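What follows is a single structure, written as structure tokens, with notes after it.
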Amino acid sequence: ATRLLPLLSARGGGQGTAEAARAPRPISMELPSDVIRIVSRVRTCVALVLCFCPSHAILPTKARVPEYGWTTQKVFHLLNFLQNAARAAVFAFFSHVAQGKLRPQVVSDLAVDMPMLLFFSTYTLLVLFWAEIFHQARSLPTDNLKPYFVLANALVYLGEGGMWAAQGVSYRASVARAARLFLAAVSLLASAGFVAYGGQLFCMLRRFPVESKGRSKKMLEVGSVTAICTLCFAGRAAAVIVAELAGKSLELDAYDAPIANACYYGLSELLPSALVLFILRKLPPKRVAAGGYQPIQ
1 ATRLLPLLSA RGGGQGTAEA ARAPRPISME LPSDVIRIVS RVRTCVALVL
51 CFCPSHAILP TKARVPEYGW TTQKVFHLLN FLQNAARAAV FAFFSHVAQG
101 KLRPQVVSDL AVDMPMLLFF STYTLLVLFW AEIFHQARSL PTDNLKPYFV
151 LANALVYLGE GGMWAAQGVS YRASVARAAR LFLAAVSLLA SAGFVAYGGQ
201 LFCMLRRFPV ESKGRSKKML EVGSVTAICT LCFAGRAAAV IVAELAGKSL
251 ELDAYDAPIA NACYYGLSEL LPSALVLFIL RKLPPKRVAA GGYQPIQ
């Protein structure tokens, strides 16, 4: 029996080797470097186009209503320009950002997350604008709305900035994960803000008389922007949470997964920006005389 053991083990080992040889090999999902470069350039070009659109709208708006200073519309276009310019810069140097070539390593996290923070500030400005309209229509006080908006943005930037500072001292994967989940929570809060004030403003417009001029157009505008922004912020939060649960098997900012990365940023930033800029493309009317505007009929 003792002499048979080596023979049996040898036979078993040979059988295992044969089975391993017959087993199908995993299919490589790596894309050619040319495809990665093309996708990266397309993303960069789209972000640059979206950067040009709001910058092209700032000057006409400033020229048509110079006496009103920096209105909500002008600040919205300026923030859109800054956010898309920052994202275009990240896309242009994405190989350095995603592969950790920047030093210290926290710089890569800052480059990836800062455009998202600007995106949050840009579109929560719409929530503030709608909240002011809703409160004025209901004869409610509006004095505290802007301070709340500034406070909310300050807390978000301070929270993320504190984690960046901690990462600059000693980089830890747990803190990086906490920062990503923090931004997911921020996105969920932004989507809740759009549902709350966009929904209330839409319902208020529905109660206007049907013959009211511009009622249907404003309902379409508010409803469309509310749906787009709610879906993009909620979808972004869901994508981050799923990626964190999946671990290394699903990374949203991996350099060698350009299709998944393009879908993530395209659906969470680029496409929503393009749609909202198109919907809100109308500029203030031109002045007909030095003394004022044409009266509304």
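The numbers in the sequence shown follow UniProt numbering, run straight up by one, and end at 297. Heads up, the beta-carbon is just placed ideally off N, CA and C, and yes, glycines get one too. Since the model is a prediction, treat every value here as computed from it, not as a measurement.
query, result
"Please state the DSSP three-state secondary structure of V210.", "coil"
"Would you say L155 faces chain C, with C-beta separation under 8 Å as the test?", "Here there is only one protein chain, and chain C is not present."
"Quick check: what's the CA-CA separation for P241 versus S224?", "In the sequence under discussion, the amino acid at residue 241 is Ile, which differs from the Pro named in the question. Whole-angstrom Cα-Cα distance: 26 Å."
"Tell me whether E132 sits in a helix, a strand or coil according to DSSP, three-state version.", "helix"
"Have a look at V46, S33, D34 and flag the residue whose alpha-carbon is nearest the alpha-carbon of A262.", "V46"
"Quick one: using the 10 Å Cβ neighbour count with 16 as the cut-off for buried, is K74 buried or exposed?", "buried"
"Which of helix, strand or coil does DSSP assign to Q105?", "coil"
"Can you tell me whether A98 is helix, strand or coil according to DSSP?", "helix"
"Among T71, I259, I279, Q105, which one has its Cα closest to the Cα of R43?", "I259"
"How long is the line joining the alpha carbons of P141 and I133, rounded to whole angstroms?", "11 Å"
"In this structure, does DSSP put S139 in helix, strand or coil?", "coil"
"Could you give the DSSP three-state label for K282: helix, strand or coil?", "coil"
"Whole angstroms is fine: what's the gap from A88's alpha carbon to S139's?", "42 Å"
"Less than 8 Å between C-beta atoms, sequence neighbours within five positions excluded: which residues of the same chain meet that for I58?", "K74, H77, L78, F81"
"Would you tell me roughly how many angstroms separate the C-alpha atoms of Y293 and L245, rounded to the nearest one?", "Model confidence at Y293 stands at a pLDDT of 46, short of 50, so the residue's coordinates are unreliable; what they give is reported in the following sentence. Cα-Cα distance, rounded: 56 Å."
"Can you tell me where the alpha helix (DSSP H) holding R215 begins and where it ends?", "215 to 246"
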